[in-house]
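What follows is a single structure, written as structure tokens, with notes after it.
Residue numbers (UniProt numbering): 1 to 467.
Quick look at the structure:
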């Protein structure tokens, strides 16, 4: 979903102007994925193999290969290795940071012949254009042998650089470890380097995520390479000074929202909409900012505008459902969540939200079914486990409830609600001391997290148990 409420010929030794073909022929997704497999490498810290990132092969000269990656992947000055597409391990010889951006180039030596990425026209990677993001997820308990993750999405905005030089936003799902991987267009050309993904849950009762890929366009990268003496044989077009465009305001609004300047974000998104009245993502995101300021009716109006422009925007349906639920219209909310799930059957947050609405309407079994669906899609969905546990508790299944709270806390040891719920169930099953211990932990966490409402409720439960 988008960032609110819910990423060949070898040119050597010469400087040339990149010339795009007159007609860009889109490749199939499978063809682009094959290109991604051939140009993407893993970068691993030899001192801690769990620390890794991705990179893109951009130059080959003699036995030296140059890889473009995110600077934060190699910033600690450790000893790094590059694992090439044929799984060969190569020691990194040098790391050069590019100025003003979260990018670096690394070099390694190999006598083998690897494919080099083609450079695309990143100026044409504009809002609603399809892009692919490729990279290797980090090693975890569940992923011992990372394989290339490749995902399709759409550009949200391509504009002026913000913090760390990020200047392109996209809605592709990505995983930790993919930083430094390629963002490719439909011709299989690199148009950006993936930097990071912003993912944060929004709302205690309703649930959406900020999931936005942030990258740096390849033209921005090329312009900075000369500062560190790196020439890949491609010169981007000169920057032409122009007034701010809709994408610039959209990206700036993202930065303001990230800093909780909701009014500032609304102002920038309003300007983005003025410049581009069909900017559905801007309507959606302005709706989120309005919702965060308590203007639920204004938020609903914005989500509705987004849906008029793009009737297949599952995020806008999900977000409108949240706003309707907050205003007490549970049936209207469920209708919106149904629409979101019809568009995207793998929308875990929409299942979660529908489960909440069903539970509040008294349909506890339906709520459990929805939470279970959300968990099947995202096995690490701690809040879904917590809420399923609550629904089970309400149905009298105390052991099932405790099992769900245990799982929620295993995933997220700082989930105050799960400690509170488990404490109540423990007390109800005769484990008064265990219940008090859980509630005290919930009180501690809720206070640390600034959740005053939960903190007061937990303290009241503790007082009752200690009487």
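Every residue, glycine too, gets a C-beta built ideally from N, C-alpha and C.
Residue from the options with nearest C-alpha to residue i
i: residue 56; options: 227, 106, 247; result: 106
i: residue 471; options: 86, 222, 253, 123; result: For the chain, the structure presents residues 1 to 467; residue 471 sits outside this window and is missing.
i: residue 125; options: 232, 117, 159, 146; result: 159
i: residue 50; options: 103, 71, 177, 63; result: 177
i: residue 48; options: 38, 74, 65, 190; result: 74
i: residue 216; options: 369, 351, 101, 145; result: 101
i: residue 298; options: 278, 312, 326; result: 326
i: residue 446; options: 69, 422, 415, 433; result: 415
i: residue 347; options: 110, 379, 104; result: 379
i: residue 440; options: 394, 422, 430; result: 422
i: residue 194; options: 251, 433, 133, 118; result: 133
i: residue 322; options: 291, 312, 391; result: 291
i: residue 352; options: 131, 362, 363, 374; result: 374
i: residue 30; options: 285, 184, 91, 65; result: 184
Whole-number beta carbon distance between residue j and residue i, since they are thought to touch under 8 Å
i: residue 382; j: residue 406; result: At roughly 11 Å, the Cβ-Cβ gap does not stay under 8 Å, so residue 382 and residue 406 are not in contact.
i: residue 418; j: residue 465; result: In fact, because the Cβ distance is near 18 Å, the residues do not count as touching under 8 Å.
i: residue 371; j: residue 350; result: Not a contact, Cβ separation roughly 12 Å.
i: residue 222; j: residue 236; result: 5 Å
i: residue 186; j: residue 32; result: 7 Å
i: residue 148; j: residue 40; result: 6 Å
Local conformation of residue i per DSSP, three classes
i: residue 7; result: Reliability fails at residue 7, whose pLDDT of 29 lies under 50, so the model's placement of it is uncertain and the value that follows must be treated cautiously. If DSSP states are grouped into helix, strand and coil, residue 7 belongs with coil.
i: residue 54; result: strand
i: residue 45; result: strand
i: residue 375; result: helix
i: residue 302; result: helix
i: residue 406; result: helix
i: residue 116; result: coil
i: residue 324; result: helix
i: residue 329; result: coil
i: residue 151; result: strand
i: residue 466; result: helix
i: residue 192; result: strand
i: residue 342; result: helix
i: residue 425; result: helix
i: residue 457; result: helix
i: residue 166; result: coil
i: residue 187; result: coil
i: residue 235; result: strand
i: residue 242; result: coil
i: residue 318; result: helix
i: residue 452; result: helix
i: residue 20; result: A caution first: residue 20 carries a pLDDT of 45, below 50, which makes its placement in the model unreliable, though a value can still be read off. The answer is coil: DSSP assigns residue 20 none of H, G, I, E or B.
Residue i versus residue j - alpha carbon distance
i: residue 197; j: residue 172; result: 9 Å
i: residue 276; j: residue 239; result: 22 Å
i: residue 337; j: residue 98; result: 44 Å
i: residue 452; j: residue 262; result: 21 Å
i: residue 85; j: residue 77; result: 24 Å
i: residue 151; j: residue 341; result: 20 Å
i: residue 36; j: residue 189; result: 9 Å
i: residue 226; j: residue 70; result: 17 Å
i: residue 343; j: residue 316; result: 11 Å
i: residue 179; j: residue 259; result: 22 Å
i: residue 232; j: residue 26; result: 25 Å
i: residue 457; j: residue 388; result: 20 Å
i: residue 333; j: residue 289; result: 19 Å
i: residue 22; j: residue 53; result: For residue 22, the predicted structure reports a pLDDT of 46, less than 50, and the residue's modelled location is therefore unreliable. A value from the coordinates is still provided. Cα-Cα distance, rounded: 35 Å.
i: residue 265; j: residue 335; result: 29 Å
i: residue 219; j: residue 59; result: 15 Å
i: residue 390; j: residue 435; result: 15 Å
i: residue 404; j: residue 365; result: 15 Å
i: residue 181; j: residue 88; result: 18 Å
i: residue 155; j: residue 245; result: 15 Å
i: residue 224; j: residue 95; result: 15 Å
i: residue 356; j: residue 67; result: 47 Å
i: residue 432; j: residue 462; result: 10 Å
Residue interval of the beta strand (DSSP E) (run including residue i)
i: residue 135; result: 130-135
i: residue 65; result: 64-69
i: residue 92; result: 89-97
i: residue 32; result: Here residue 32 belongs to no beta strand (DSSP E); instead the alpha helix (DSSP H) covers 29-39.
i: residue 445; result: First-last for residue 445: 432-448, but that is the alpha helix (DSSP H), not the beta strand (DSSP E).
i: residue 106; result: 104-109
i: residue 182; result: 182-184
i: residue 219; result: It is not in any beta strand (DSSP E) - residue 219 instead sits in the alpha helix (DSSP H) that spans 218-225.
i: residue 468; result: Residue numbering for the chain in the displayed model covers 1 to 467; residue 468 lies beyond these limits and cannot be assessed.
Endpoints, alpha helix (DSSP H) assigned at residue i
i: residue 271; result: 262-275
i: residue 389; result: 382-394
i: residue 288; result: 280-292
i: residue 125; result: Segment: none, residue 125 is in no alpha helix (DSSP H) and carries neither H nor E.
i: residue 347; result: Careful: residue 347 lies outside any alpha helix (DSSP H) and carries neither H nor E.
i: residue 256; result: 246-258
C-beta neighbour in chain C for residue i, strict 9 Å
i: residue 361; result: Among the chains in the structure shown there is no chain C, since it carries only a single protein chain.
Residue i beta carbon near the ligand NAD (any heavy atom closer than 8 Å)
i: residue 196; result: Questions concerning the ligand NAD fall outside what the structure shown contains, since it holds no ligand whatsoever.
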